[in-house]
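Protein chains: 2
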Amino acid sequence: MKSHENHYSSKCPITFALEIFGDKWSLVILRDILFKGKRYYSEFLSSPEKISTNILASRLNKLESEGLVSKTQDTKNLSKYIYRLTDKGKDLLPLMLDIIEWSAKHNPQPGTPDNIINGAPRNLLARLGENREELIKEISDNLEQKNDSRLSDTIKSARAGKNGAGKRN
Amino acid sequence: MKSHENHYSSKCPITFALEIFGDKWSLVILRDILFKGKRYYSEFLSSPEKISTNILASRLNKLESEGLVSKTQDTKNLSKYIYRLTDKGKDLLPLMLDIIEWSAKHNPQPGTPDNIINGAPRNLLARLGENREELIKEISDNLEQKNDSRLSDTIKSARAGKNGAGKRN
DNA sequence: CCTTCTTCTTGCATTATGCAAGTACTTATT
DNA sequence: AATAAGTACTTGCATAATGCAAGAAGAAGG
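Residue numbers (this note's numbering), protein chains in the order written: chain A, 473 to 641; chain B, 473 to 641.
In structure tokens, the structure reads:
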């Protein structure tokens, strides 16, 4: 990046944000971490959207350099790296929930199971309407959980994704 | 788009949303309508981000076909068209406000005027914290206003943008 | 060792975006 | 009426971003 294009300059907040995560893949990666509990390169690769390896590497690198994601070596397997959200990355949770709500409202999907409303888990949407702040805190607090048994039903269903009748695309 | 790529299929809400406005320019256009009160092609062209004419035309066309924006001929000048947000487009306002809040928190900008916090108007941020729903309703209701004199201070300052000490980039 | 796992990198094809010029219609000016 | 200026685009070509397939390098497992 040339110095006169530095985005830490006087500019609109929308432009600032778009330069950091306004591409085709960054929010998909953040979704995988936030809602699917993913942490490894290979886990991101296995998502249904099929990001290619070079793009994934470059996005993870950018997200790390922007301070949204941290990268640490897995002490149990030195060829693996653990990607986690920083506080700056976790602060995107409200935004992600807004996207989910908007899509749930405007993406009519006939014939999906009862517990999924337009691609979003029903109880996640319900809790969004009831107590948004509580849900945000719960998801945020549970980010480091490795064992599903300690997770709430809301988070479990969110991580399960297309549970029930999964017709893939 | 091939039929098997139709985004109205069983898929995650994040992916659904990204296919509609997850590009470099859509949210910039929506920002101009929501916060700057812009409605004409030439007004979008004059934004500091300098979108090129072909991209602007194709994005407006896509936003219209996705139902976020409506296009009507200006009865006072038949060579002009008015672009407005539909309800589906207006429903992105909470998302836009979250982006603004995130950027305001994480985009440190030294030496900007007192009324601008990291690129966002101070009183907009204040009202976001105090009564978010009221602010959303106010901005939404005032979208059709042509005459600035009837707008609240919050909306006026938001539309003014880099008011005070505008160093451009 | 030798194979497999894991995280990338590299080279090349395809798609998206950027830039400059041109077109068609409408409005304003002379 | 003729000309110029305004407005919303389109078109052709250059550059940049993304997609795909293969390969490289260190770690783990047998």
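Beta carbons: idealized from backbone N, C-alpha and C, even for Gly.
The model shown is predicted, which means the values in this text are computed figures rather than measured ones.
_Just to confirm the assignment: which complete alpha helix (DSSP H) runs, minimum length 4, are found wholly within the region 489-540 of chain B?_
498-508, 513-517 and 525-537
*Sort D559(A), R503(A) and R511(A) by Cα distance to K552(A) and report the nearest one.*
Reading the first sequence from its first residue, position 80 is the one you call residue 552(A). The option with the nearest alpha carbon to K552(A) is R511(A).
*Checking contacts by CB at 8 Å: is Y480(B) closer than that to chain A?*
Within the second sequence, the letter at position 8 stands for residue 480(B). Caution applies to Y480(B), whose pLDDT of 49 falls short of 50 and renders its modelled position unreliable; the model cannot decide the point.
*Under 8 Å between beta-carbons, which chain A residues line up against V500(B)? List them in chain order, please.*
Start at 1 with the first residue of the second sequence, and residue 500(B) comes out as number 28. Within 8 Å Cβ-Cβ: I486, T487 and L490.
*Note down, in chain order, all residues in the region 566-579 of chain A with a beta-carbon under 9 Å from any beta-carbon belonging to chain B.*
P566, L567, M568, L569, D570, I571, I572, E573, W574, S575, A576, K577, H578 and N579
*asked:* Contact defined as beta carbons within less than 8 Å: I believe N590(B) pairs with P485(A). What is the distance between those atoms, to the nearest angstrom?
replied: Here residue 590(B) refers to the residue found at position 118 when the second sequence is read from its first residue. Here residue 485(A) refers to the residue found at position 13 when the first sequence is read from its first residue. Rounded, the Cβ-Cβ distance is 7 Å, consistent with contact.
*Since R556(A) is in the alpha helix (DSSP H), which residue starts that stretch and which ends it?*
The residue you call residue 556(A) lines up with position 84 of the first sequence. Element bounds for R556(A): not the alpha helix (DSSP H) but the beta strand (DSSP E), Y553 to L557.
*Compute the beta-carbon to beta-carbon distance between I505(A) and Y555(A), rounded to the nearest angstrom, for a pair I have assumed lies under 8 Å.*
By 1-based counting over the first sequence, the position of residue 505(A) is 33. By 1-based counting over the first sequence, the position of residue 555(A) is 83. Contact holds; Cβ gap of about 7 Å.
*Report the rounded CA-to-CA distance for Y480(B) versus I572(A), giving the unit in angstroms.*
Translated into the one-based positions of the second sequence, residue 480(B) becomes position 8. Translated into the one-based positions of the first sequence, residue 572(A) becomes position 100. Note on Y480(B): pLDDT 49, under 50, position unreliable in the model; no value is reported.
*asked:* Check whether chain A comes within 8 Å of N664(B), counting only Cβ atoms and requiring the distance to be less than that.
replied: The first residue shown for chain B is 473 and the last is 641, placing residue 664(B) beyond what the model contains.
*Anyone know if the C-beta pair for P593(B) and S629(B) falls short of 8 Å?*
Taking the second sequence and counting its residues from 1, the one referred to as residue 593(B) is at position 121. Taking the second sequence and counting its residues from 1, the one referred to as residue 629(B) is at position 157. Yes; because the gap between Cβ atoms is below 8 Å, this pair is in contact.
*asked:* Any beta carbon of chain A sitting closer than 8 Å to that of A592(B)?
replied: Reading the second sequence from its first residue, position 120 is the one you call residue 592(B). Interface residue, yes.
*P485(B) - DSSP class collapsed to helix/strand/coil*: As a first step, residue 485(B) is located in the second sequence; it is residue number 13 there, counting from the start. Of the three classes helix, strand and coil, the one that applies to P485(B) here is helix, per DSSP.
_Taking only three categories from DSSP, how would you classify P566(A)?_
The sequence position of residue 566(A) within the first sequence is 94, counting from 1. Helix at P566(A).
*Count the other C-beta atoms from every protein chain shown that fall within 10 angstroms of the C-beta of G509(B), then say buried if there are 16 or more, exposed otherwise.*
Taking the first residue of the second sequence as 1, we reach residue 509(B) at position 37. G509(B) is buried by the Cβ-count criterion.
*DSSP three-state call for K628(A): helix, strand or coil?*
The sequence position of residue 628(A) within the first sequence is 156, counting from 1. Correct three-state label for K628(A): helix.
*Taking any Cβ of chain A, which residues in the region 515-528 of chain B have a Cβ under 7 Å from it, in chain order?*
E521
*Unbroken alpha helix (DSSP H) run spanning D613(A), endpoints*: Your numbering for residue 613(A) matches position 141 in the first sequence. Note, D613(A): alpha helix (DSSP H), R604 to D613.
_Contact set for E536(B): own chain, Cβ-Cβ below 6 Å, skip 5 residues either direction_ = Numbered from its first residue, the second sequence carries residue 536(B) at position 64. Contacts found: K543.
*Three-state secondary structure assigned by DSSP to K560(B)*: One-based indexing of the second sequence puts residue 560(B) at position 88. Helix.
*Specify the secondary structure class of K577(A) as computed by DSSP and reduced to three states.*
If you number the first sequence from 1, residue 577(A) lands on position 105. If DSSP states are grouped into helix, strand and coil, K577(A) belongs with the helices.
*What do you get for G539(B), buried or exposed, if any count of 16 or more other CB atoms within 10 angstroms of its CB means buried?*
Counting from one through the second sequence, the residue named residue 539(B) turns up at place 67. It counts as exposed.
_Other residues of its chain near K560(A): CB distance less than 6 Å, five sequence neighbours each side excluded_ = To locate residue 560(A), count along the first sequence from 1; it is residue 88. Taken in chain order, the residues that qualify are G539 and L540.
_On the criterion of 16 or more Cβ atoms from any shown chain inside 10 Å, does D546(B) qualify as buried, or is it exposed?_
Residue mapping note: residue 546(B) aligns to position 74 of the second sequence, counting from 1. Label assigned to D546(B): exposed.
_Looking at the strands, I want to know which residues DSSP matches up with S621(B)._
In the second sequence, counting from the first residue as 1, residue 621(B) sits at position 149. Paired residue(s): none; S621(B) is not in a bridge.
*I501(A) and F488(A) look like a contact to me (Cβ under 8 Å); what is the Cβ gap, rounded to whole Å?*
To locate residue 501(A), count along the first sequence from 1; it is residue 29. To locate residue 488(A), count along the first sequence from 1; it is residue 16. Contact flag wrong, Cβ pair sits at about 19 Å.
*R599(A) CB to nearest chain B CB: under 8 Å?*
As a first step, residue 599(A) must be located in the first sequence, where it is residue number 127. No, no contact with chain B.
_What does the alpha-carbon distance come out to for the pair T584(A) and P566(B)?_
In the first sequence, the residue the question calls residue 584(A) occupies position 112. In the second sequence, the residue the question calls residue 566(B) occupies position 94. Rounded to the nearest angstrom, the two C-alpha atoms are 27 Å apart.
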